[in-house]
Amino acid sequence: MSVHPEDTEKPDRGKVTINQAECKGCGLCVETCPLDLLHLSTSLNHYGYRPAEYSGHGCSSCSLCFYVCPEPGAITVYQLEAVAYTGRTHG
Ligand code: SF4
Ligand code: SF4
């Protein structure tokens with residue numbers, strides 16, 4: 001049985017979902033993702049656009065794709081990393 005590289009790496013810090021019906025296929029998010037995790041679909045949505053798709057692994061939750069997207073509700077970014085607070089004191 002083979003082991004995929006993703007299985008041995010740290011858990012993703014983020015996850016992205018794209019609402020295929022809201023996406024206009026402008027490609028801004030594809031060009032903007034610093035990790036090259038987004039691409040345009042080969043199939044068309046209801047309005048005849050090729051919507052963006054997430055590769056499924058590696059998102060850092062930087063949210064750059066969310067901020068460049070001109071369509072409200074097309075992209076949702078989830079932060080998956082648990083944040084540990086250490087009870088830092090002042091003074
Ligand atoms: S949140 Fe950042 S890393 Fe994740 S898909 Fe969007 S641009 Fe790429
Ligand atoms: S920036 Fe928004 S509208 Fe443009 S391709 Fe990406 S998800 Fe679709």
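With the numbering used here applied, the sequence shown corresponds to residues 1 to 91, in that order.
The beta-carbon is built from N, C-alpha and C at its ideal position, and this holds for glycine as well.
Here the structure is a predicted model, which is why all the values come from computation and not from measurement.
Tell me the residue span of the beta strand (DSSP E) that contains LEU38.
For the purposes of this step, residue 38 is identified with residue 38 of the sequence shown, where counting begins at 1. Element bounds for LEU38: 38 to 40.
Note down the Cα distance separating HIS39 from SER55, rounded to an integer number of angstroms.
The residue given as residue 39 occupies position 39 in the sequence shown. The residue given as residue 55 occupies position 55 in the sequence shown. Straight-line Cα distance between these residues: approximately 8 Å.
Candidates SER60, ARG13, ASP36, SER61, of which the one nearest ALA52 by Cα:
For the purposes of this step, residue 52 is taken as residue 52 along the sequence shown, with counting starting at 1. Looking at the Cα atoms, ASP36 is the closest of the given residues.
Where are the beta strand (DSSP E) runs, 3 residues long or more, that stay fully inside the region 44 to 81, in chain order?
52 to 54, 75 to 79
Can you tell me the Cα-Cα spacing of VAL68 and GLY58, whole angstroms?
Mapped onto the sequence shown, residue 68 falls at position 68. Mapped onto the sequence shown, residue 58 falls at position 58. For VAL68 and GLY58, the distance between alpha carbons rounds to 19 Å.
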